[in-house]
Amino acid sequence: MDAPFIKTRLANGLTLLMKEIHTAPIISSWIWYRVGSRDEQPGRTGISHWVEHMQFKGTPQFPASVLDKAISREGGVWNAFTYLDWTAYFETLPADKIDLALRLEADRMVNSVYDQEEVASERTVVISEREGNENEPLFRLGEAVQKAAFRVHGYHHEIIGEKSDLQTITRDDLYNHYRMYYKPGNAVLAVAGDFDIRSMQQRIEELFGDLPGGQPPPHPDQMEPPPQGEQRLTLTGPGETTYLQVAYRAPAANQEDFFAFTILDSLLSGPSNLNMFGGGISNKTSRLYRRLVEGELAVSVHGSLQATIDPFLYDVTITVRPDKTPEAALAALDEEIQRLQEQTVAAEEIQRACKQARALFAYGSENITNQAFWLGYAEMFSTYDWFLNYISKLETITPAEVQRIAREYLYPGARVVGVYLPEKGGGAER
Amino acid sequence: MNSWRASASQSLPGPDDITRIVLANGIVVLCRANFSSQSVVISGYLDCGSLSDPDQKLGLADFTAQALMRGTERHTFQQIYDMLEEAGASLGFGASVHTTSFNGRSLAEDLPMLLGLLAETVQEPAFPPEQIERLRAQLLTGLAVRAQDTRDMASLTFDQLLYEGHPYSRPEDGFTETIQAITREDLIDFHRRNYGPRGMVIVIVGAVEPKRAVDLAAEALGAWQNPLQEKTPPLPPYKPPLQSVSRHVLIPGKSQADLVMGGPGPERRSADYMAASLGNNILGQFGMYGRIGDVVREQSGLAYYAYSSLNAGIGPGSWEVSAGVNPANLGKTIELIQQEIRRFVTEPVTPEELADSQANYIGRLPLMLESNAGMAGALLNLERYDLGLDYYRRYASLVREVTPEWVLEVAQRYLNPETLVVATAGPQEG
Numbered sequence: 001m002d003a004p005f006i007k008t009r010l011a012n013g014l015t016l017l018m019k020e021i022h023t024a025p026i027i028s029s030w031i032w033y034r035v036g037s038r039d040e041q042p043g044r045t046g047i048s049h050w051v052e053h054m055q056f057k058g059t060p061q062f063p064a065s066v067l068d069k070a071i072s073r074e075g076g077v078w079n080a081f082t083y084l085d086w087t088a089y090f091e092t093l094p095a096d097k098i099d100l101a102l103r104l105e106a107d108r109m110v111n112s113v114y115d116q117e118e119v120a121s122e123r124t125v126v127i128s129e130r131e132g133n134e135n136e137p138l139f140r141l142g143e144a145v146q147k148a149a150f151r152v153h154g155y156h157h158e159i160i161g162e163k164s165d166l167q168t169i170t171r172d173d174l175y176n177h178y179r180m181y182y183k184p185g186n187a188v189l190a191v192a193g194d195f196d197i198r199s200m201q202q203r204i205e206e207l208f209g210d211l212p213g214g215q216p217p218p219h220p221d222q223m224e225p226p227p228q229g230e231q232r233l234t235l236t237g238p239g240e241t242t243y244l245q246v247a248y249r250a251p252a253a254n255q256e257d258f259f260a261f262t263i264l265d266s267l268l269s270g271p272s273n274l275n276m277f278g279g280g281i282s283n284k285t286s287r288l289y290r291r292l293v294e295g296e297l298a299v300s301v302h303g304s305l306q307a308t309i310d311p312f313l314y315d316v317t318i319t320v321r322p323d324k325t326p327e328a329a330l331a332a333l334d335e336e337i338q339r340l341q342e343q344t345v346a347a348e349e350i351q352r353a354c355k356q357a358r359a360l361f362a363y364g365s366e367n368i369t370n371q372a373f374w375l376g377y378a379e380m381f382s383t384y385d386w387f388l389n390y391i392s393k394l395e396t397i398t399p400a401e402v403q404r405i406a407r408e409y410l411y412p413g414a415r416v417v418g419v420y421l422p423e424k425g426g427g428a429e430r
Numbered sequence: 001m002n003s004w005r006a007s008a009s010q011s012l013p014g015p016d017d018i019t020r021i022v023l024a025n026g027i028v029v030l031c032r033a034n035f036s037s038q039s040v041v042i043s044g045y046l047d048c049g050s051l052s053d054p055d056q057k058l059g060l061a062d063f064t065a066q067a068l069m070r071g072t073e074r075h076t077f078q079q080i081y082d083m084l085e086e087a088g089a090s091l092g093f094g095a096s097v098h099t100t101s102f103n104g105r106s107l108a109e110d111l112p113m114l115l116g117l118l119a120e121t122v123q124e125p126a127f128p129p130e131q132i133e134r135l136r137a138q139l140l141t142g143l144a145v146r147a148q149d150t151r152d153m154a155s156l157t158f159d160q161l162l163y164e165g166h167p168y169s170r171p172e173d174g175f176t177e178t179i180q181a182i183t184r185e186d187l188i189d190f191h192r193r194n195y196g197p198r199g200m201v202i203v204i205v206g207a208v209e210p211k212r213a214v215d216l217a218a219e220a221l222g223a224w225q226n227p228l229q230e231k232t233p234p235l236p237p238y239k240p241p242l243q244s245v246s247r248h249v250l251i252p253g254k255s256q257a258d259l260v261m262g263g264p265g266p267e268r269r270s271a272d273y274m275a276a277s278l279g280n281n282i283l284g285q286f287g288m289y290g291r292i293g294d295v296v297r298e299q300s301g302l303a304y305y306a307y308s309s310l311n312a313g314i315g316p317g318s319w320e321v322s323a324g325v326n327p328a329n330l331g332k333t334i335e336l337i338q339q340e341i342r343r344f345v346t347e348p349v350t351p352e353e354l355a356d357s358q359a360n361y362i363g364r365l366p367l368m369l370e371s372n373a374g375m376a377g378a379l380l381n382l383e384r385y386d387l388g389l390d391y392y393r394r395y396a397s398l399v400r401e402v403t404p405e406w407v408l409e410v411a412q413r414y415l416n417p418e419t420l421v422v423a424t425a426g427p428q429e430g
């Protein structure tokens with residue numbers, strides 16, 4: 001935590017975070033754009049993710065065939081992610097090669113080509129990605145639950161987008177989306193690793209400082225109204241396995257309630273791992289595992305709390321045992337939630353959740369890529385201080401607050417209950 | 001603050017900073033310190049795997065491995081996971097064909113607990129009947145999910161075809177009927193006859209001095225003896241298919257089909273390995289999936305993923321290309337991949353392609369060794385394949401000595417476009 005660190009803003013609006021870490025001769029650079037599926041309009045769902053794909057298709061200076069090989073040739077790794085609230089690109093390279101990544105990102109912030117033929121070929125790639133997702137029952141169930149949970153907010157559709165939209169989005173739609181959101185004032189550049197902060201800042205100013213600032217783009221401000229009662233849905237599809245997903249409205253990451261909710265999540269379903277790189281831990285002593293899996297109603301149970309700009313979902317996903325029903329699993333889940341609402345948890349349980357969070361942070365700080373990830377990630381929904389204060393915030397949570405969270409958020413009227421019922425068949429060989 | 005700069009060669013492990021000790025009972029302990037984070041990883045294997053499984057009880061080695069944590073003579077399942085999860089730690093076992101491996105992580109302060117649990121679970125598992133049945137239900141659900149997974153089924157079918165008549169044709173996790181046939185006595189018997197210190201390897205990497213790590217390992221496992229430990233069965237000779245063979249698994253209701261195609265590959269210890277590995281990188285890894293990715297994804301837009309992989313282990317390896325495509329494009333994709341394989345075995349790769357991949361291999365090494373888990377995996381490979389403690393220091397020269405002619409020679413030795421194995425799984429009739 002004592003490593004030299006600077007957060008600043010260039011004249012054109014680009015937010016810059018830098019952290020020196022000299023444990024390995026490696027630097028990781030991340031550029032984050034404040035655009036994700038939440039910004040998408042009906043008819044153009046999936047466009048942020050498709051734009052992310054197109055950003056690998058080249059600029060005049062770095063044509064696709066060059067771009068593709070440049071990072072790998074230098075022994076680097078790179079990738080990109082599109083999420084509800086943001087799109088991020090990273091390169092991790094040997095320290096003496098990082099300039100390539102910085103030049104590349106400065107260039108493709110403004111100069112990507114969006115060639116018509118590349119758009120056509122990428123259309124089928126993105127549709128293929130969606131079809132791969134559709135093969136998974138849990139993707140289909142998650143998509144249906146999310147859609148039911150949000151009526152007006154952009155969180156209502158999957159990041160990959162609707163297939164019908166993927167078939168009709170045009171080259172100009174993609175290009176306009178790119179031009180609207182890819183600009184310094186809407187971006188955060190985060191660099192961590194084996195460098196000297198002053199010379200790194202100087203180089204970044206050289207490369208990014210002259211890019212035109214422009215106005216930060218608007219983001220949707222339409223809030224989802226409070227839930228209007230429980231919704232239930234059933235999906236059928238191939239397979240032999242029944243899944244149950246229960247999704248409650250969760251607090252936004254920047255709300256104080258998020259921290260108490262984090263403790264609740266840890267007790268109820270095991271700690272959610274917010275690291276992008278770095279393993280998680282098991283949840284076999286969580287209340288829901290004990291009740292559902294040890295109680296032989298389910299073969300597995302997982303909870304997921306995500307850090308988002310607006311209130312998203314806390315969902316519990318249960319793989320139901322073949323000899324049991326989703327109704328029985330739901331009844332047991334309800335009893336466990338009721339227990340949290342009626343009885344305060346022991347202080348030791350909170351200490352335990354804090355220790356788990358500390359361990360997860362230690363695992364995440366083993367690699368520089370994940371440390372650079374945190375610099376920018378936290379800025380997307382809050383500030384880097386959110387990350388720095390995370391553990392100490394968790395340590396202030398009291399049993400009474402956990403109880404309040406259980407009462408305020410985990411009530412049936414605020415949830416969607418989704419069931420995936422298998423239609424037997426399949427698996428024949430010829 | 002910038003006085004020390006790590007150089008790539010300094011950070012690579014070698015004889016002077018890897019501690020390797022053989023305990024009196026034969027257990028090999030490898031350690032390397034890394035104080036950049038407060039975490040520690042343990043990783044290793046026991047000398048037993050599914051090679052010892054009878055056909056009618058296939059999955060026995062894996063079932064046994066997964067049952068170890070379900071309760072010991074001293075602790076119940078919940079007590080074991082209480083110790084682990086209370087510390088934010090994790091530990092897990094799984095079996096492959098030749099070995100039963102384990103992986104764990106914790107904060108450094110909890111390493112004694114982690115090693116204690118490792119020792120207890122491998123030496124004194126109790127196989128509690130109730131827990132065994134619960135685990136069986138989980139394994140059976142896993143197999144039901146596998147039967148519906150186009151990717152898993154294409155891969156499983158590929159192994160069945162490529163290794164017909166050889167133990168490698170059998171999936172380590174078994175089949176529904178073989179998992180149902182395994183009794184608690186089978187688990188007890190498998191453990192008694194196959195688990196022991198001979199051939200066991202433990203790697204410890206992280207925020208602990210190597211001497212202390214060795215002492216802790218010796219304290220935990222140094223006294224273990226098992227006079228009944230059997231030798232692992234010898235691997236029968238392998239005969240690759242003499243003609244092309246293909247098989248399709250019908251899984252109705254899916255959106256995407258998956259394919260795995262290819263042929264045999266070298267063993268890890270083979271002199272062919274490095275040339276094959278670099279060749280594979282050119283064929284289907286480098287940049288965005290190498291030549292295969294370029295043709296199938298970038299040029300044709302047929303797939304979200306299409307890459308090749310070289311699986312080189314103790315016995316005969318495999319060299320395979322995988323892709324997920326729309327069912328209507330399956331035939332076309334197979335043709336494109338065949339063409340690429342034909343080209344790959346007909347003409348040498350270009351010097352530029354090889355130089356790119358060589359630079360990629362050498363440059364990315366520090367990245368692969370950055371996290372404790374990455375380093376532990378690397379040290380484990382040193383031991384498993386007798387590579388020598390100086391292997392990563394010699395690595396760059398081993399990579400550089402590969403020539404385009406050598407890659408061609410190796411490609412021709414293993415990949416024959418006329419005798420390819422093609423396994424597919426998807427919703428369409430084959």
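Residue numbers (the numbering used here), protein chains in the order written: chain A, 1 to 430; chain B, 1 to 430. Where a beta carbon is used, it is the ideal one built from N, C-alpha and C, also for glycine. Keep in mind that this is a model prediction, so the values were computed, not measured.
Per DSSP, which residues does residue i bridge with? Please list them.
i, result
"B:Cys31", "B:Thr19, B:Ile204"
"A:Thr92", "A:Ser28, A:Val77"
"A:Gln245", "A:Thr317, A:Gly418"
"B:Asn449", "Past the edges of chain B, shown from 1 to 430, lies residue 449 of chain B, and the structure says nothing about it."
Which residues of chain B have a Cβ atom closer than 9 Å to the Cβ of residue i, listed in chain order?
i, result
"A:Gly76", "Asn360, Gly363, Arg364, Leu367"
For residue i, report the span of its beta strand (DSSP E) as first-last.
i, result
"B:Ala323", "317 to 325"
"A:Gly237", "231 to 238"
"B:Arg247", "245 to 250"
"B:Ala95", "90 to 95"
Need the endpoints of the alpha helix (DSSP H) that residue i sits in, please.
i, result
"B:Thr424", "B:Thr424 -> not in any alpha helix (DSSP H); beta strand (DSSP E) instead, spanning 421 to 426."
"B:Asn432", "Residue 432 of chain B cannot be examined here, being either before or after the span of chain B that is shown, 1 to 430."
"A:Thr23", "Per DSSP, A:Thr23 belongs to no alpha helix (DSSP H) and is neither H nor E."
"A:Lys7", "Note, A:Lys7: premise wrong, no alpha helix (DSSP H); beta strand (DSSP E) at 5 to 9."
"B:Ile132", "129 to 147"
Along chain A, in chain order, which residues have C-beta atoms closer than 7 Å to that of residue i?
i, result
"B:Ala137", "Val299, Arg321"
Is residue j closer than 8 Å to residue i when the C-beta atoms are compared?
i, j, result
"A:Ile159", "A:Leu274", "no"
"A:Asp257", "A:Ile21", "no"
"A:Tyr182", "A:Tyr377", "no"
"B:Leu387", "B:Gly199", "no"
"B:Leu235", "B:Pro167", "yes"
"B:Ser363", "B:Ala312", "It should be pointed out that residue 363 of chain B corresponds to Gly in this sequence rather than to Ser. Against a cut-off of 8 Å, the Cβ pair of B:Ala312 and B:Gly363 comes out as no contact."
"B:Cys48", "B:Ile204", "no"
"B:Ser255", "A:Glu131", "yes"
"B:Pro227", "B:Asn25", "no"
"B:Leu367", "A:Ile26", "yes"
Going along chain B in order, which residues have a C-beta closer than 8 Å to the C-beta of residue i?
i, result
"A:Ile368", "Glu370"
"A:Gly237", "Gly253"
Just to make sure I have the definition right: I need the residues of chain A whose C-beta is within less than 8 Å of the C-beta of residue i. Which are they?
i, result
"B:Ala376", "Residues of chain A passing the Cβ test: none, with the nearest at roughly 11 Å."
"B:Arg469", "Any property of residue 469 of chain B remains undetermined from this structure, which presents chain B solely from 1 to 430."
"B:Met288", "Phe56, Asp68"
Listing by chain order, which chain B residues have their CB less than 7 Å from the CB of residue i?
i, result
"A:Asn135", "Thr150, Lys254, Ser255, Gln256"
Open item on the list: Counting only Cβ-Cβ distances shorter than 7 Å, please list the residues of the region 339 to 366 of chain A near chain B, keeping chain order.
Closed with: Arg352, Lys355, Gln356, Arg358, Ala359, Leu360, Ala362, Tyr363, Ser365, Glu366
TODO: Could you name the residues of the region 59 to 93 of chain A whose beta carbon sits closer than 9 Å to any beta carbon of chain B, in the order they occur along the chain?
DONE: Ala64, Ser65, Leu67, Asp68, Lys69, Ala70, Ile71, Ser72, Arg73, Glu74, Gly75, Gly76, Val77, Thr92, Leu93
- [ ] Could you please tell me which residues of the region 10 to 30 of chain A, in chain order, have their CB closer than 9 Å to any CB of chain B?
- [x] Glu20, Ile21, His22, Thr23, Ala24, Pro25, Ile26
- [ ] Could you please tell me which residues of the region 17 to 50 of chain B, in chain order, have their CB closer than 9 Å to any CB of chain A?
- [x] Asn34, Phe35, Ser36, Ser37, Gln38, Ser39, Val41
Open item on the list: Any C-beta of chain B within less than 9 Å: which residues of the region 123 to 134 of chain A qualify?
Closed with: Arg123, Thr124, Val125, Val126, Ile127, Ser128, Glu129, Arg130, Glu131, Gly132, Asn133, Glu134
Task: the region 387 to 416 of chain A: positions lying closer than 8 Å to chain B by Cβ - done: none
Task: Positions along the region 271 to 286 of chain A whose CB lies within less than 7 Å of some CB in chain B - done: Gly279, Ile281, Ser282, Lys284, Thr285
Task: Members of the region 214 to 241 of chain A that neighbour chain B once the beta carbon cut-off is set at 9 Å - done: For the region 214 to 241 of chain A, the residues whose beta carbon sits under 9 Å from a beta carbon of chain B are, in order, Gly237, Pro238, Gly239, Glu240, Thr241.
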